[in-house]
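Notes for the one structure printed next.
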Amino acid sequence: MTTQEYIKAIEMRHSRRSYKNKHLDEDTKNVIKEMVEAVN
87 MTTQEYIKAI
97 EMRHSRRSYK
107 NKHLDEDTKN
117 VIKEMVEAVN
């Protein structure tokens, strides 16, 4: 792979994560907390 191909690949890359600008409601927080406690 050439340097130009690496640069092109980096430029084409995007995050698969998406972030929301709103807070989670209490029910959602509680479910996440319970799930974390279950796996720990």
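If you read the sequence shown in this note's numbering, its first letter stands for residue 87, the second for the next number, and so on.
Note that beta-carbon positions come from the ideal geometry of N, C-alpha and C, so glycine has one too.
Alpha carbon of residue i to alpha carbon of residue j, nearest angstrom
| i | j | result |
| --- | --- | --- |
| Val122 | Asp113 | 14 Å |
| Asp111 | Val117 | 10 Å |
| Ala95 | Ala124 | 39 Å |
| Met98 | Asn126 | 37 Å |
| Thr88 | Glu120 | 48 Å |
| Lys106 | Ile93 | 29 Å |
| Glu91 | His109 | 40 Å |
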